[in-house]
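Everything below concerns the one structure shown next.
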Amino acid sequence: KQEVTQIPAALSVPEGENLVLNCSFTDSAIYNLQWFRQDPGKGLTSLLLIQSSQREQTSGRLNASLDKSSGRSTLYIAASQPGDSATYLCAVSENSGYSTLTFGKGTMLLVSP
Amino acid sequence: NAGVTQTPKFRILKIGQSMTLQCAQDMNHNYMYWYRQDPGMGLKLIYYSVGAGITDKGEVPNGYNVSRSTTEDFPLRLELAAPSQTSVYFCASSSAGTYNEQFFGPGTRLTVL
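Residue numbers (the numbering used here), protein chains in the order written: chain A, 1413 to 1525; chain B, 358 to 470.
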């Protein structure tokens, strides 16, 4: 059974720092990996999707990498801002059909001014 | 596009009551999903659907029922509510044409007392 782990569970940084969030998964036979952002009391917003054949995806100050063989992904946030404060969730899907997601428990990020 | 919409936003039920959580999407996605999110536990899949008339159980289906009569709508029915069903419920949808990237609704926060 696929398991997804996110480290650290919580992270507090001052504004302007570059930071890395980690995600690992136990079964490397994935179809894709998604990173989501969740603000308190809100739904999930998709940030980046990496297909299994890709190594990385970028969107603005966010860069996600994927190393399928080692079962790892990282989300790099450059020049963090207080508005980046949220919980970041990693999820993997294992087939190209209906593709249900297996989620990690998330990393709660606080960026202080 | 409204994306994925859910109603109601909040609900308090008494033990033994029943209710239906509504979910609709306007992106013409084939696949739809129901998840529940409990504090510190991540998201768990309740039910999913690969198209109108086709549904299947996820990881935690007990106490719930679903139906999918149209592409747009995927309601979740709670029968005989129990305190263990206190949670935040998220509906999501995806399409094989966009690598099954999942898009989430804003959630329904349910309390059973």
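Quick reminder that beta carbons are idealized off the backbone N, C-alpha and C, glycines included. Because the structure is a prediction, the values reported are computed rather than measured.
| Of the choices SER426/B, ASN422/B and GLU429/B, whose alpha-carbon is the least far from that of GLU436/B? | ASN422/B
| request: Report all residues from its chain with a CB closer than 7 Å to the CB of GLY1428/A; omit the five preceding and five following residues, and keep chain order. | output: ALA1491 and SER1492
| task | Kindly indicate if chain A contains any beta-carbon less than 9 Å away from that of PHE431/B. | result | no
| said: In the DSSP output, what is SER451/B paired with across the bridge? | reply: TYR388/B
| Are the C-beta of PHE1515/A and some C-beta of chain B separated by less than 9 Å? | yes
| task | Tell me whether the beta-carbon of ASN358/B lies closer than 9 Å to the beta-carbon of MET384/B. | result | yes
| Listed by chain order, chain B residues near LEU1461/A by CB distance under 7 Å | Residues of chain B with a Cβ closer than 7 Å to the Cβ of LEU1461/A are, in chain order, TYR456 and GLU458.
| query | Taking PHE1448/A as the reference, which of VAL1523/A, TYR1500/A, SER1485/A and LEU1433/A has the closest Cα? | reply | TYR1500/A
| Residues sharing a beta bridge with VAL423/B, DSSP | LEU433/B
| query | Relative to the alpha-carbon of LYS371/B, which residue among MET389/B, ARG425/B and SER441/B has its alpha-carbon at the smallest distance? | reply | SER441/B
| message | Residues in the same chain with beta-carbon distance under 8 Å from SER426/B, minus the five sequence neighbours each way, listed in chain order, please. | response | ALA409 and GLY410
| message | Strictly by DSSP, which residues pair up with SER1436/A? | response | According to DSSP, SER1436/A bridges with THR1417/A and ARG1484/A.
| query | Does the distance from the CB of SER1440/A to the CB of GLY1483/A come in under 9 Å? | reply | yes
| Member of LEU1522/A, SER1524/A, GLY1518/A and CYS1435/A whose CA lies at the smallest distance from the CA of ASP1479/A | CYS1435/A
| task | Closer than 9 Å by beta-carbon distance: list the chain B residues that pair up with THR1499/A, in chain order. | result | Result: empty, since nearest Cβ-Cβ is about 10 Å, beyond 9 Å.
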